[in-house]
Amino acid sequence: SSGNGLFNKDGRRKAEEPQTPPELLVILALLADEKIPVQTIAPKFTGRFNKGVDYVGDLAQFEQEFSDDVAVCGFAVQQYGLPDTLKLSVHSGSDKFSLYPIIRRVLNATGAGVHLKTAGTTWLEELIGLAEAGGDGLQLVRDVYQYAIEHRDELCGPYATVIDIDPSQLLSVEDFGLLSGPDTAATIRHIQDDKRFNPHVRQLLHIAFKVAAGEGERYTDLLKEHRAVVANQVTTNLYERHLRPLFAQ
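And the structure:
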């Protein structure tokens, strides 16, 4: 190989490069040939899709790429017999608030659907709810943050291409521990015009989700105990900040 096209000289896919519409069409044609009833496909787009924070990149270019890929999916459904429920999936698509008006315009114009992954943003809202609850809930959030700070390199390694964390902008464990429940919640919550919001803290906690598994019943029991406040945070985030901007008429 000369290194042109889809692959590097050693034959590996250029994973950092977005697929062009013709490349996406080839992928869908191959899936159809193999009789795979694909429901979603997640092409790579230009720009940064960092975990838990807004899109960084050229909005006009994203709109062109997204529109082209929606058209390719529609063509593939008609020409190759793929399921008519086929839709684009936007990986790390939660919290990309600047993209939602663009996606909404394209969906309204074409009748297409979209798959948006929201597991990570929901984990953060659970932490926010526990912080708001105070007491043992707030202490757990502090403990998770301390673990994340102490294991930052280990946690960040697998996500290097989808995070942009400036260590100098992270709060020390001591300073984080001095925050009140509401201030802790506001530090994590993705409200960009709130001066307390810290996108570096948010991204670090986003990729620290496995810490919850380590906490086991301590974590799940606190979620149950503070279900009302946690549910309110999760619902507000998903409905008001995600579903309404994307789909509400």
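Positions 24 to 272 (this note's numbering) are the ones given, in order, by the sequence shown.
Glycine residues also receive a C-beta, built at the ideal position from the N, C-alpha and C atoms.
Quantities reported herein were computed from a predicted structural model and do not represent experimental measurements.
Who are the Cβ neighbours of residue i in its own chain at under 6 Å, not counting the five residues just before and after it?
i	result
P222	V76
A235	Y242
N73	V185, I186 and D187
A135	V93
V257	T145 and E148
Report the CB separation of residue i from residue j in whole angstroms; it is logged as a contact under 8 Å.
i	j	result
G97	F85	Wrong, their Cβ atoms sit about 19 Å apart, outside the cutoff.
R225	A209	Between A209 and R225 the Cβ distance is about 11 Å, and since that is not below 8 Å, they are no contact.
G204	A154	5 Å
F51	A99	One detail in the question is off: residue 51 reads as Leu in this sequence, not Phe. With a Cβ gap of about 4 Å, L51 and A99 count as contacting.
Q68	P41	A small correction: the amino acid at residue 68 is Phe; Gln does not occupy that position in the sequence shown. Yes, they are in contact, since the Cβ atoms of F68 and P41 sit about 5 Å apart, within 8 Å.
Kindly indicate the opening and closing residues of the beta strand (DSSP E) around residue i.
i	result
S112	K110 to V113
Along the chain, where does the alpha helix (DSSP H) that runs through residue i open and close?
i	result
L139	Element bounds for L139: not the alpha helix (DSSP H) but the beta strand (DSSP E), V137 to L139.
T145	A142 to A156
Q87	L82 to Y103
D56	P44 to D56
N131	Y123 to T133
Give a yes or no on whether the C-beta atoms belonging to residue i and residue j are separated by under 8 Å.
i	j	result
L11	T141	There is no way to answer for residue 11, as the model of the chain reaches only from 24 to 272.
P124	P268	yes
V17	K119	What is shown of the chain runs 24 to 272, which leaves residue 17 out entirely.
L48	V95	yes
L130	V61	no
G158	S117	no
Buried or exposed for residue i, please, with buried defined as at least 16 other CB atoms from any protein chain shown within 10 angstroms of its CB.
i	result
V253	buried
I214	exposed
S25	At S25, the pLDDT of 40 sits below 50, so the modelled position is not reliable; the number obtained from the coordinates is stated separately. S25 should be labelled exposed.
G34	Note that G34 scores 46 on pLDDT, short of 50, meaning its location in the model is unreliable; the coordinates nonetheless yield the value given after this. Under this definition G34 is an exposed residue.
A231	buried
V79	exposed
L139	buried
I211	buried
Say the cut is 7 Å; is the CB of residue i nearer than that to a heavy atom of the ligand SAM?
i	result
V76	No copy of the ligand SAM appears in this structure; indeed no ligand is present at all.
Within its chain, find whatever has a CB closer than 7 Å to the CB of residue i; leave out the 5 residues flanking it on each side and keep chain order.
i	result
H249	G152, L153, A156 and G160
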